[in-house]
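Right, one structure below, let's go through it.
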Amino acid sequence: KALKGHAKSRSFQRYDGVTLSNRDLRAIVHKIQTRDGEFVEKKSNRVTEWKISYNETLWRVRYDKTRGVIITFLPVDS
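Note that my numbering has the sequence shown beginning at 3, numbered continuously upward.
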């Protein structure tokens, strides 16, 4: 729950006030799990970074494969 809350607040902060629902987060996770996105890099044994297109927006996320959740949203241009 804490990671989900953190991810939602970072999406709001870094993507011009966009508020994502739990359903949106699940859809983005599904895209990662089906490799429907651009793999950027492996950060650790459990964390990977992705660029995902969802709802006409390009999102840059860090994903925890062990927990199956998005950890955070990063600025696209960094």
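From the three backbone atoms N, C-alpha and C, an ideal C-beta is built for every residue, glycine too.
Only buried fits F75, as 16 or more other CB atoms lie within 10 angstroms of its CB. Closest option to K67, judged by alpha-carbon separation, among E43, K53, V49: V49. In summary, S13 is buried, with 16 or more beta-carbon neighbours lying within 10 Å of its beta-carbon over all protein chains present. In the three-state DSSP reduction, R62 falls in the strand class (E or B). Classified as exposed, K44 has fewer than 16 neighbouring CB atoms from the shown chains inside 10 Å of its CB. Under the rule that a run must span 3 or more residues, the beta strand (DSSP E) segments found entirely inside the segment 22 to 72 read 40 to 44, 49 to 56, 59 to 66.
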